[in-house]
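Enquirer:
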Amino acid sequence: MSDTHSNTVAYVRDTMLPQTEPPLTEKGALKWLRENLFSGWLNTGLTLIALFIIWQALMAVGPWLLNSVWNAGSLRECRDILDGATGACFAVIVDRWHQLLFGFYPRHLYWRPVLALVLLFVALSPVLFPSLPRRLLTFTAIYPFLAYHLLWGGSVWLPIGAALGFVVGALAYIGLKRVNNLLAVFGAVLAPVLWWLVLAGPFDSTMSAVLPWGLEFVRSDRFGGFLISLVIGISGISLSLPLGILLALGRQSDMIFIKSVCVVFIEFIRGVPLITLLFTASLLLNFFLPPGTSFDLILRVIIMVTLFASAYMAEVVRGGLAALPKGQYEAADALGLDYWKAQRLIIMPQALKISIPGIVNTFIGLFKDTTLVVFIGLLDPIGLSNAIRASTDWNGIYWELFIFIGLLFFIFCFGMSRYSLYLERKLKRDHR
Amino acid sequence: MSSKTDPRQTASVPAKSSFTLSMLLYDQRYRSITIQIFALFVLMLGVAWLIDNVSSNLQLLGRTFGFGFLSQSAGYDINQRLIEYDSTMTHGRAALVGFLNTVVLAILGCILATVIGVVAGVLRLSSNWIVSRLVGFYVEIFRNIPTLIWILIFGAIMAEGMPAPSAFRGETPTAFMLFDAVAITNRGVFVPSILFATELGTVNLGLISPSLNWLLIIAVLLASFYAARALVSHANRVQNATGVRPTTWWKILALIFVPISVVFIALGAHLQLPELRGFNFAGGLHLRNSFIAMWLGLGIYTGAFIAEIVRGGILAISKGQTEAAYALGLQPGRTMRLVILPQALRVIIPPLISQYLNLTKNTSLGLAVGYMDLRSTLGGITINQTGRELEGMMLLMLIYLALSLTISALMNVYNNRVKLKER
């Protein structure tokens, strides 16, 4: 301080004080702790309770997990190795992982479901990530037939014959379009039906006789484990979305008859538990089919699961449709678009975007519901865990199997929900 | 999409147009009728085909269609029954016992799920890092693993993880009863039950004969709640008229608790504690493992979904509402109760209804742990014994459908009451 100033003004500091450190409780980890964990009596109490719960859980599970046995032939061997100490016996997973994943699928053919799963991701990639080349969509269209052939095997001409039905339909549409639009639509529906009913069978048998190509046939009752969950889940997911959209449109329709049929269907399916529908598929379907006919149980289950999920899907999509402002419909009409063009180009892209969270939640629910097939005797992971527990080697093992199965489901379902979050964020950006 | 707003329709309607046959296909006005008649035709054809198949199949099997089997003797036991039942009674009675088990599980499950869901949903929004992460972990792990696995896990925890009744015995028991009243064993949970010194008898309602004591208690409780509500609306009226709200809290407490206590004392109610007798506990109320596994499995699983719904509902209310309430000088507690919650409820109720419905439908998984619900009795043993799968499954579906429609109707009434009254 200079003397001149001290004469005129009592106290004025004309030099800056050096910066001091912030108080210890206002920086770094301490500040974070104070603000996030101990900001008041209530918060402190909650923190302590939470810490206590975590501590208890760690104490209960930690030693058990850390002290786990991975190599043993039976539960007794496991207990001998542990020698009285607490510990998990994950040897059961090492011993039986192939059953939990593939059921009784022939061991030398495991490459086929694995290849089908890998190709599934290739087929899905252009749908999930729009930055990939559009040409990949051709593979997506071929994939269902390819996957069927890889999983079940048999003659290669059966899936090709089924796929040709769609080609026939497309050809009929293009051919008849020159004559008349309406005729083309009828042709596109009738031609494939005729092909499948009349010509596909002879086509399959003659081609099989001429060129007996194909993979080893695997019967449906050899399917099991996570394979069956994935087959049912993925077929149900991919079929229920289009069906659900159609049902939602039907429910919004002005045609009173179509509307009431859709409402009755949706409300009935949503009002009964899935398990009663599965029982219908396994016990009652023979009553509703012409005497003497029967078809594959897995296929029946896929149909029922699809119908079930499509009713929920319809409600989700209906929510999206209802959320669209009426101006969008009117704008489509003003542009002179017909009903299907308006739906495809204007309404659906927006309505589906709004309903993404609901759609993915329905997918996740459907995938989790595939575990219910254990009640009609299909050997899904839970059915196999019961079978493994029933064997003398692994009698009395619970937690390790539950953890393994639960983890597999968690990975798939959590992955789906994260993807839906990603999609929501991505689509939100272009909607300012 | 509605044809009313279709420009071509309004623009192209000529002043005079004679009807030609081609208009059935090309005119928007008639096309929808054509399509509907065509769809009706296809549907009727399909239904006729199904009915024909069913009747010819039944004929081939030499069977008739009828519900007479419901009055045959059931011949199987049900381990959890709310009404009188033994194996000599009819299949219809067994189905009723199963139905009541389903309803009880659904109601208790919904209550548990709501309590867990609301607490977890609020805690997940907590500013406390560790608590919100812990609750987030709970929600994610329960939402992404099938409910059937959770039910089996809780079943295994009860059967494998809990002490046997013999562990409660001896000089140095390894297990203890909670508060000397609740015993959790691997054979189920034993809780105290309420007994009455004076029994008023039962009233015969045909199918069921409930005890008069409990009917009286329920009636008194209902009357108390009605009176309490009348008191609250009176207080609201006074507040609206004068601006001063009369003190009500102790009056409400008295209205609810005094009459019911008087009834309990008059009837000589006392607790019967479970006690170790022989190899098992006796006395009190025995909650079986199957029930506990279903209740915890469904309740905690659905609670995770409700937590997300509650969280979403609270987040949907804009921050401006809170700030406006603070600007009016409302305390945080009142802000929550009077401003945030009434608005959040509107967002929460519709998805909550569908969660309740899901829980009710999921009670049909009881078979996995041997819970004797409607599906296990009517849809399981009865169908197996009588071979009437067609009739049994139809009845089962109809009952579930009726149950679902009832729940959604009740909840919709409530939803309409909390809904925003727009002019």
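Protein chains in written order, with this note's numbering: chain E, 389 to 820; chain F, 4 to 426. For every residue, glycine included, the Cβ atom is placed at its ideal position computed from N, Cα and C.
#1: Between the segment 772 to 798 of chain E and chain F, which residues of the former have a C-beta closer than 7 Å to a C-beta of the latter?
#2: Is there a Cβ of chain F sitting closer than 8 Å to that of residue 679/E, yes or no?
#3: With DSSP run on the structure shown, which of helix, strand or coil describes residue 185/F?
#4: Determine the contact status of residue 113/F and residue 362/F, defining contact as a CB-CB distance below 8 Å.
#5: Answer yes or no: do residue 128/F and residue 314/F have a C-beta to C-beta separation smaller than 8 Å?
#6: Return the Cβ separation of residue 271/F and residue 199/F in integer angstroms, given the expectation that the two are a contact with Cβ distance under 8 Å.
#7: Quick one: which residues of the segment 435 to 456 of chain E get their C-beta closer than 9 Å to a C-beta of chain F? List them in chain order.
#8: Using a C-beta cutoff of 8 Å, does residue 763/E count as contacting chain F?
#9: Residues in its own chain within less than 7 Å of residue 26/F by CB, not counting five upstream and five downstream?
#10: Given residue 415/E, which residues of its chain have a CB within under 8 Å of its CB, disregarding the five upstream and five downstream residues?
#11: Which of the three DSSP states, helix, strand or coil, is assigned to residue 275/F?
#12: At the level of alpha carbons, what is the spacing between residue 369/F and residue 155/F?
#13: Have a look at 436/E, 474/E, 438/E, 461/E and flag the residue whose alpha-carbon is nearest the alpha-carbon of residue 453/E.
#14: Touching or not, the segment 108 to 123 of chain F and the segment 260 to 269 of chain F, by the rule of three or more beta carbon pairs under 8 Å?
#15: Just mark residue 692/E as buried or exposed, buried being the case when its beta carbon has 16 or more other beta carbons within 10 Å.
#16: In this structure, how does DSSP classify residue 86/F when only helix, strand and coil are distinguished?
#17: With a threshold of 8 Å between beta carbons, is residue 424/E in contact with chain F?
#18: Would you mind telling me which residues of chain E sit closer than 7 Å to residue 131/F, beta carbon to beta carbon, in chain order?
#19: Should residue 5/F go down as buried or exposed, given a rule of 16 or more other Cβ atoms within 10 Å for buried?
#20: Flag this pair as yes or no: are the beta carbons of residue 620/E and residue 758/E separated by less than 8 Å?
#21: In this structure, how does DSSP classify residue 7/F when only helix, strand and coil are distinguished?
#22: Just to confirm my understanding: we take residue 591/E, look at its own chain, exclude 5 residues before and 5 after, and list those with CB closer than 8 Å. What are they?
#23: Distance, Cα to Cα, residue 52/F vs residue 58/F?
#24: Would you say the beta carbon of residue 380/F is closer than 7 Å to some non-hydrogen atom of the ligand FMN?
#25: With DSSP as the reference, identify every bridge partner of residue 290/F, one or two as the case may be.
#26: Step through the CB atoms of chain F and report whether any lies within less than 8 Å of the CB of residue 521/E.
#27: List the residues of chain F whose Cβ lies closer than 7 Å to the Cβ of residue 649/E, in chain order.
#28: Output yes or no for whether 8 Å exceeds the beta carbon distance between residue 35/F and residue 595/E.
#29: Cα separation between residue 165/F and residue 188/F?
#30: Suppose you measure from the CA of residue 1/F to the CA of residue 105/F; what does that come to, to the nearest Å?
#31: Using a C-beta cutoff of 8 Å, does residue 33/F count as contacting chain E?
#32: Hey, could you find the ends of the beta strand (DSSP E) residue 283/F is sitting in?
#33: So, at 6 Å on beta carbons, what are the nonlocal neighbours of residue 703/E in its own chain, with the 5 sequence-adjacent residues on each side left out?
#34: Can you give me the start and stop residues for the alpha helix (DSSP H) that residue 749/E sits inside?
#35: If we define contact as Cβ-Cβ less than 8 Å, is residue 25/F a contact residue for chain E?
#36: Among 723/E, 554/E, 718/E, whose alpha-carbon lies nearest the alpha-carbon of residue 575/E?
Expert: So, from the data block:
#1: Correct list: 786, 790, 793, 794, 797, 798.
#2: At a cut-off of 8 Å between beta-carbon atoms, residue 679/E makes contact with chain F.
#3: Secondary structure at residue 185/F: strand, using DSSP grouped into helix, strand and coil.
#4: Yes, the Cβ-Cβ distance between residue 113/F and residue 362/F is below 8 Å.
#5: Yes, these two residues count as a Cβ contact at 8 Å.
#6: Taking 8 Å as the upper bound for CB-CB distance, residue 271/F and residue 199/F are in contact here, some 6 Å apart.
#7: For the segment 435 to 456 of chain E, the set of residues with a beta-carbon nearer than 9 Å to any beta-carbon of chain F comprises 435, 437, 438, 439, 441, 442, in chain order.
#8: So, interface residue.
#9: Around residue 26/F, the same chain offers 33 as residues with beta carbons nearer than 7 Å, after the five sequence neighbours per side are excluded.
#10: So the qualifying residues of the chain are 409.
#11: Annotated three-state conformation of residue 275/F is strand, per DSSP.
#12: Approximately 10 Å, taken between the alpha carbons.
#13: Of all alpha-carbon atoms in 436/E, 474/E, 438/E, 461/E, the one lying nearest the alpha-carbon of residue 453/E is that of 474/E.
#14: No, they do not touch.
#15: Around the Cβ of residue 692/E, a 10 Å sphere holds 16 or more other Cβ atoms; the residue is buried.
#16: The three-state secondary structure of residue 86/F, taken from DSSP, is coil.
#17: So yes, residue 424/E belongs to the interface.
#18: Ordered by position in chain E, the residues that pass the 7 Å Cβ test against residue 131/F are 424, 425, 431, 434, 435.
#19: Any reading at residue 5/F must be qualified, since the residue scores a pLDDT of 44, below 50, and its modelled position is unreliable; the value itself is stated next. Residue 5/F is exposed by the Cβ-count criterion.
#20: Taking 8 Å as the cut-off, the Cβ atoms of residue 620/E and residue 758/E count as close.
#21: Because the pLDDT at residue 7/F is just 46, under 50, the model does not fix this residue reliably, and the value given afterwards should be weighed accordingly. In this structure, residue 7/F counts as helix in the three-state DSSP scheme.
#22: Within the same chain, and ignoring the five residues on either side of residue 591/E in sequence, the residues whose Cβ sits closer than 8 Å to its Cβ are 545, 549, 552.
#23: Whole-angstrom Cα-Cα distance: 10 Å.
#24: This structure lacks the ligand FMN, and indeed carries no ligand of any kind.
#25: Looking at the DSSP assignment, residue 290/F forms a beta bridge with 192/F.
#26: No Cβ of chain F is located within less than 8 Å of the beta carbon of residue 521/E.
#27: Those within 7 Å of residue 649/E in chain F are 46.
#28: With respect to residue 595/E, residue 35/F sits apart: the two C-beta atoms are not nearer than 8 Å.
#29: Rounded to whole angstroms, the gap between the alpha carbons of residue 165/F and residue 188/F is 5 Å.
#30: Within the shown structure, residues of chain F are numbered from 4 to 426, placing residue 1/F beyond reach of any answer.
#31: Chain E, which has no Cβ nearer than 8 Å to the Cβ of residue 33/F, makes this no.
#32: For residue 283/F, the enclosing beta strand (DSSP E) covers residues 283 to 285.
#33: Within the same chain, and ignoring the five residues on either side of residue 703/E in sequence, no residue has its Cβ closer than 6 Å to its Cβ.
#34: Where residue 749/E is concerned, the enclosing alpha helix (DSSP H) stretches over 744 to 757.
#35: It does not: the Cβ of residue 25/F has no partner Cβ on chain E nearer than 8 Å.
#36: The option with the nearest alpha carbon to residue 575/E is 554/E.
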